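Residue numbers (our numbering): 244 to 312. Every residue gets a Cβ at the ideal spot worked out from N, C-alpha and C, and that includes glycine. The model shown is predicted, which means the values in this text are computed figures rather than measured ones.
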Ligand SMILES: [Cu+2]
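Put into structure tokens, the structure is as follows:
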């Protein structure tokens with residue numbers, strides 16, 4: 244498993260946290276996703292042979308949030 248931390252704009256409450264985590268966990272190859280609302284980021288544990296950061300960004304954007312680098 245590899246770990247990446249993505250900065251995400253627009254998350255403000257528990258609902259935002261849940262939708263971002265759900266979107267990421269729905270990707271094949273993602274083992275875990277944990278949003279930190281205060282830090283405005285999400286820590287993702289993933290299998291690099293099954294999923295990449297680009298797919299994670301797209302999943303986050305598809306549910307209405309923006310990934311900033
Ligand atoms: Cu919210």
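| query | Just how far apart, CA to CA, sit residue 254 and residue 298? | reply | Residue numbering aside, residue 254 sits at position 11 when the chain shown is read from its first letter. Residue numbering aside, residue 298 sits at position 55 when the chain shown is read from its first letter. If I take the Cα positions, the gap works out to 19 Å.
| request: Return the first residue and the last residue of the beta strand (DSSP E) that residue 294 is part of. | output: The residue labelled residue 294 in the question sits at position 51 within the chain shown. According to the DSSP assignment, residue 294 belongs to no beta strand (DSSP E), since it is labelled neither H nor E.
| request: Check the C-beta distance from residue 302 over to residue 267 and give it rounded, since I have them as a contact under 8 Å. | output: As a first step, residue 302 must be located in the chain shown, where it is residue number 59. As a first step, residue 267 must be located in the chain shown, where it is residue number 24. By a beta-carbon distance limit of 8 Å, residue 302 contacts residue 267. Their separation comes to about 6 Å.
| message | For a test of the three-state rule: what should DSSP assign to residue 283, helix, strand or coil? | response | Taking the chain shown and counting its residues from 1, one reaches residue 283 at position 40. Residue 283 carries a coil assignment under DSSP once its states are collapsed to helix, strand and coil.
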